[in-house]
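First residue of the first sequence: 1, per full-length UniProt numbering; consecutive thereafter.
Let me begin by presenting the structure, written as structure tokens, before commenting on it.
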Amino acid sequence: MEIFYEFEKDMPFLIEDWTPISMVETFHWHTPLEIGYCVSGQGWFYFGDKKYRVQPGDVFVVNNMERHIAQSDPEDPSRYLFIFFDPSIMDQMDKELLLPFIYNPAQFSNQIPAGTRIADELGALFLQFQQEYNERSVGCKSMMRGILLQICSLLLRHYGNNTPRKEMNRVFNSYNKLQPALSLMKEQFREPLELEHIADLLRLSPSRARHLFKETIGEGFKEYLTHLRINEAKRLLITSDLPVLDICLQCGFQSQTPFYRSFRHIVGVSPQQYRDQVTEMSV
DNA sequence: ACGTCCTTGATAGTTAGACT
DNA sequence: AGTCTAACTATCAAGGACGT
1 MEIFYEFEKD MPFLIEDWTP ISMVETFHWH TPLEIGYCVS GQGWFYFGDK
51 KYRVQPGDVF VVNNMERHIA QSDPEDPSRY LFIFFDPSIM DQMDKELLLP
101 FIYNPAQFSN QIPAGTRIAD ELGALFLQFQ QEYNERSVGC KSMMRGILLQ
151 ICSLLLRHYG NNTPRKEMNR VFNSYNKLQP ALSLMKEQFR EPLELEHIAD
201 LLRLSPSRAR HLFKETIGEG FKEYLTHLRI NEAKRLLITS DLPVLDICLQ
251 CGFQSQTPFY RSFRHIVGVS PQQYRDQVTE MSV
């Protein structure tokens, strides 16, 4: 499920105070980049197949293609501050500040653990940012912009220290090159899509497109597409009364068998079981 | 960085049938 | 009628080797 964030005029960023529910929701994604700071409580944060236990003081980095969702511990619900910002904010700045957000999910740790010096510094900046956002004094936009730049600079130090510049540039270029394909897939996963479509769009050979995919996001083309489709299926199972077969066809599967197979593989239960489980939990 | 070619393995789609 | 799976074949994606 894609979430759209509306930014105010001249302010391509916002901060949100948010407490996730204690049930695992479907993954979502969005175009803005995201940094989260756990203020209180406990819970979990899921990124694709990765799962992090969350405690107060943890910081999380989210790029604009990785599927993610947070979940609260029912005993002690977690509360977060999330900063969302449009990558274009760095257009006039050093683009390398975006590098922490351009990562290969398979090898990347989204969590900066509480108690580390950098997490403490980031936490303090989050609180300053929130204060500026709420008070709206004169110059607050510039202040927030400045704080955001500090946050991104700290992230760059944290993640970029061990990465050679050459490698960082390569990742940056791959990411930019792949963006149109990722956008197209997020918009059109309900249609039959083949690697060849993507290769045409990127003006690359199918082989090169395939390798670019794997190198950049650590997932194969089909794997990424199937995850988008199953995620949409989960959403429809929860939010509609449509028969499973209709949902299967609406999500881009051409027949039911691959749908059932993929669903069980990714979610662990059959579609109907998933629907029943979630309905039961929310009663 | 990108393309071509190749093999291997995975997945899509079909059909048939069990179960509720 | 709707949900789900097993067994099957055809097709496509993955990924490596190698050339430019």
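Ideal Cβ positions, reconstructed from N, Cα and C, are used throughout, including at glycine.
query                                                                                                                                                                    : result
Should Met65 be labelled buried (16 or more other beta-carbon atoms within 10 Å of its own) or exposed?                                                                  : buried
Going by the beta-carbon positions, is the gap between Ser78 and Gly115 smaller than 9 Å?                                                                                : no
Quick check: the Cα distance between Ile112 and Ser240, rounded to an integer number of angstroms?                                                                       : 37 Å
How would you write the range of the alpha helix (DSSP H) that Ser72 sits in, first residue to last?                                                                     : Unbroken run through Ser72 is the beta strand (DSSP E), 68-72; no alpha helix (DSSP H).
Can you say whether His68 is buried or exposed, counting buried as having 16 or more other CB atoms within 10 angstroms of its CB?                                       : buried
Between the Cα of Tyr103 and those of Ser72, Met144, Ser174, Met143, spot the shortest distance and give me the residue it belongs to.                                   : Ser174
Ends of the beta strand (DSSP E) at Cys38?                                                                                                                               : 33-40
Suppose only complete runs of 4+ residues qualify. What are the alpha helix (DSSP H) ranges in the UniProt domain "HTH araC/xylS-type" (179-277), listed by chain order? : 195-202, 206-217, 221-239, 244-250, 256-267
Cα separation between Glu132 and Ile15?                                                                                                                                  : 10 Å
Quick check: the Cα distance between Val61 and Pro32, rounded to an integer number of angstroms?                                                                         : 12 Å
Quick one: give me the first and last residue of the beta strand (DSSP E) that Asp17 is part of.                                                                         : 13-18
Which partner residues of Glu75 appear in the DSSP bridge assignment?                                                                                                    : Glu75 pairs with nothing; no bridge assigned.
How many Å lie between Gln250 and Leu148 at the Cα?                                                                                                                      : 40 Å
Taking the continuous alpha helix (DSSP H) assigned at Phe129, which residues delimit it?                                                                                : 117-135
Are the CB atoms of Pro56 and Cys38 within a distance shorter than 9 Å?                                                                                                  : yes
Which residues does DSSP pair with His28 in a beta bridge?                                                                                                               : His68
For a quick check, are the C-beta atoms of Gly48 and Glu232 less than 9 Å apart?                                                                                         : no
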